[in-house]
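In my numbering, the protein residues as written are 28 to 101.
Using N, Cα and C, we set each Cβ at its ideal position, and we do this for glycine too.
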Amino acid sequence: WTNDFIHNPTVRDTSDSCMTPDRQPGMCINIQRCEELVEVLKKPGGPSQEGLESLRRHNCGFEGLDAKVCCPTR
């Protein structure tokens with residue numbers, strides 16, 4: 028599943044603020060710092076296809092080898 032997530036052709040701008048796929052304000056941060064989305068990765072048996080699609084839609088760049096995601100702000 029990692030290759031599918033890493034090779035996302037629709038990577039958005041890597042600026043700090045972003046818009047989530049649900050049109051909510053967010054911050055483009057390392058996925059490890061986004062509790063809501065890192066939970067998708069920690070599901071027993073790995074992420075579902077739906078979970079992978081959600082991660083792809085939230086992708087906004089990379090920090091070294093780690094993906095950055097548009098994490099919803101609360």
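DSSP, reduced to helix, strand and coil, places Ser81 within a helical segment of the structure shown. Distance between Val65 and Gln59, taken at the CA atoms: about 6 Å. Thr47 counts as buried, since at least 16 other C-beta atoms from the protein chains shown sit within 10 angstroms of its C-beta. Sixteen is the threshold: when 16 or more other Cβ atoms of the shown chains lie within 10 Å of the Cβ of Leu82, as they do, the residue is buried.
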